[in-house]
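Participant: 164 is the number that my numbering gives the last residue of the sequence shown; the numbers go up by one with no jumps. Note that CB positions come from ideal geometry on N, CA and C, so glycine has one too.
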Amino acid sequence: MAFKLDTLFDAPDKKYLNASDLSILSQYVSSIPERMAVYRTLRDQEVAIMQPIADVLQQQGGHPEPMVERSVRNGLMVLRYVAMAMLLDDDSFVEERLQGWLPEMIKAYDTQAIDQQLFQLLEKQLSKVFSPAQLNLLKPSLEKAQGLMLNTRETVTPTLAGLF
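#1: According to DSSP, simplified to helix, strand and coil, what is Y28?
#2: What is the DSSP secondary structure of N136, reduced to helix, strand or coil?
#3: Decide if P52 is buried, meaning its Cβ has at least 16 other Cβ atoms within 10 Å, or exposed.
#4: What is the DSSP secondary structure of Y16, counted as helix, strand or coil?
#5: With a 10 Å radius around its C-beta and 16 neighbouring C-beta atoms as the bar for buried, classify D89 as buried or exposed.
#6: Taking the alpha helix (DSSP H) that F93 falls in, what are its first and last residues?
#7: I need the straight-line Cα distance from I49 to K15, nearest angstrom please.
#8: If you draw a straight line from the alpha carbon of W101 to that of N74, how long is it in whole angstroms?
#9: Am I right that A108 and R43 are in contact with their C-beta atoms under 8 Å? What's the rounded C-beta distance?
#10: For the structure I just gave you, are there three or more beta carbon pairs, one from the region 57-70 and one from the region 113-128, closer than 8 Å?
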């Protein structure tokens with residue numbers, strides 16, 4: 001469910017939330033402890049999660065080290081945005097934050113293949129750290145981020161350099 005809490009409070013003509021809105025708010029509020037636990041785990045174990053991924057990419061990928069480093073750096077940024085989106089229960093947050101730079105970086109540095117490997121390894125690594133229920137909290141935002149990554153050819157806007 002991708003909703004923003006502010007949408008519940010944006011209707012100036014309403015004095016009180018209706019039963020449906022209260023139910024949505026209640027579901028979100030009751031999920032906050034689990035969301036915070038997942039967020040803290042991502043924050044505290046970021047290196048432990050990403051280092052094995054970086055190691056595998058360097059060992060088996062046959063990619064130049066600078067390319068692996070760039071992909072892992074971008075992966076870290078994506079993971080941080082995914083964590084924040086999960087905490088806010090707003091997977092559109094990921095799209096809003098990544099759309100401006102991720103597709104362009106992937107295209108400019110031609111990292112789509114390695115980034116795809118990174119996402120596959122990240123999913124495996126996260127499944128070792130989190131329960132299925134916790135993974136379900138992360139999944140919508142991870143899928144948005146992966147969609148942006150995989151669709152770089154369609155999402156990158158033309159530049160002046162491409163016109164000449």
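Facilitator: The short version:
#1: helix
#2: helix
#3: exposed
#4: coil
#5: buried
#6: 92-98
#7: 46 Å
#8: 10 Å
#9: That belief does not hold up - the Cβ atoms of A108 and R43 are roughly 29 Å apart, past 8 Å.
#10: yes
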